[in-house]
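Step one of this worksheet: look at the structure below.
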Amino acid sequence: MDISIIIVTWNSATHIARCLAAIPQAVKGLQAEVIVVDNGSTDSTAQTVRDGFPAARLIALHRNTGFAHACNVGIAASCGRMVGFLNPDAEALDSAFTHLVHFMDRHPRAAIAGGRLLNADHTVQHSVHVFPTPLSAFAVAMKLHRVPFLSRHFRGGFETASLPKKSTEVDYVKGAFFVARTSFLEEAGGFDERYFLWFDEADLQRTAHERGWEVWHYPKSQALHAGAKSFAQADEWRNQKQFLKSMGQYVRKWHGAWGALPVWIVTPFVLAAYRVLKGREESI
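Here the sequence shown stands for residues 649 to 932, numbered as in the numbering used here.
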């Protein structure tokens, strides 16, 4: 088996059919399997997969266990020499996974390779990132990246200043669409399940670098990505709480407790500000 494609869903009924329908063209020439891990959806996601895509293997979890855990469930059930990860609100374009698998075959030290993400209008979406540092994490926690004269220094998603136009080694690629080598996933022990959402892919790719592997951006492989559709359904305050928690976890793991301390200190104040602003919006 060349590749096992894992799609983690949570209330993704609106998008999952288009995502799955695009996969056959994206894996041309490959032996592939598709594994959908449903994270306790309360909508018709699981039924849509069962009824419309019987070739896909559905693993229905009874509750939302977090993205990292669901990915590991999919990895444990997979048998491909490569594992592809695709968000349910993404559509892999023609030969997208084929290009990535062939690229990985040409680069035996590549642990992970991600393709180019496109918006619905086919404009380029940022998908290449630099690892958070204690300073950049603090700045993002304080939303300093939204201040015009600081935005060039502290980008909100830790994006690179520009997107590579050719295959390039990078810190990490966005988790919406990438391929990982199974041997690396086994070596790393999969995703760190202490991350419920956010920064799990950054952590995995940091592990790859620390272990001497390579991470690549390969723009020949492309996918459309609506972006943030699942967690957009959740309360914004809860999203911020989870984002800040995961960012603190990442900085603590890779830079120590002192590095994470500034993020931990400002987190309650940032969340309180969100509550106040939310209350004002609702009262208008």
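No residue lacks a Cβ here, since even glycine has one placed at the ideal position from N, Cα and C.
Cα-Cα separation between residue i and residue j, rounded to whole angstroms
i: residue 738; j: residue 886; result: 24 Å
i: residue 654; j: residue 777; result: 22 Å
i: residue 699; j: residue 748; result: 29 Å
i: residue 930; j: residue 859; result: Residue placement at residue 930 cannot be trusted, given a pLDDT of 49 that sits under 50; the coordinates are not used to answer.
i: residue 666; j: residue 826; result: 18 Å
i: residue 709; j: residue 658; result: 10 Å
i: residue 681; j: residue 674; result: 12 Å
i: residue 854; j: residue 704; result: 31 Å
i: residue 785; j: residue 908; result: 8 Å
i: residue 676; j: residue 849; result: 26 Å
i: residue 726; j: residue 810; result: 35 Å
i: residue 690; j: residue 714; result: 15 Å
i: residue 697; j: residue 910; result: 44 Å
i: residue 818; j: residue 728; result: 25 Å
i: residue 788; j: residue 874; result: 23 Å
i: residue 707; j: residue 866; result: 30 Å
i: residue 869; j: residue 807; result: 19 Å
i: residue 815; j: residue 743; result: 17 Å
i: residue 716; j: residue 795; result: 32 Å
i: residue 839; j: residue 790; result: 27 Å
i: residue 750; j: residue 861; result: 17 Å
i: residue 732; j: residue 745; result: 7 Å
i: residue 901; j: residue 836; result: 15 Å
Counted within 10 angstroms of its Cβ, other Cβ atoms place residue i as buried (16 or more) or exposed
i: residue 735; result: buried
i: residue 741; result: buried
i: residue 668; result: buried
i: residue 846; result: buried
i: residue 711; result: exposed
i: residue 883; result: exposed
i: residue 824; result: buried
i: residue 813; result: exposed
i: residue 917; result: exposed
i: residue 763; result: buried
i: residue 649; result: exposed
i: residue 672; result: exposed
i: residue 928; result: Interpretation of residue 928 is limited by its pLDDT of 47, a score under 50 that renders its predicted location unreliable; no figure is taken from the coordinates.
i: residue 924; result: exposed
i: residue 851; result: buried
Counterpart residues of residue i in DSSP-defined beta bridges
i: residue 826; result: 733, 762
i: residue 817; result: 864
i: residue 651; result: 680, 730
i: residue 707; result: 685
i: residue 835; result: DSSP output for residue 835 lists no bridge partner at all.
At least 3 beta-carbon pairs within less than 8 Å: the stretch 683-691 vs the stretch 712-730
Verdict: yes, contact present.
At which residue ranges does the stretch 712-791 contain complete beta strand (DSSP E) runs of 3 or more residues, listed in the order of the chain?
You should have 730-734, 738-740, 758-766.
Do the stretch 817-831 and the stretch 756-767 make contact, defined as three or more Cβ pairs closer than 8 Å?
When Cβ pairs closer than 8 Å are counted between the two stretches, the stretch 817-831 is seen to touch the stretch 756-767, the count reaching three or more.
Report the residue ranges of all alpha helix (DSSP H) runs contained in full by the stretch 843-913; include only those spanning at least 4 residues, in chain order.
If we require 4 residues or more, the alpha helix (DSSP H) runs fully inside the stretch 843-913 come out as 848-858.
Would you call the stretch 889-901 and the stretch 767-776 in contact, with 3 or more CB pairs under 8 Å?
The stretch 889-901 is not in contact with the stretch 767-776.
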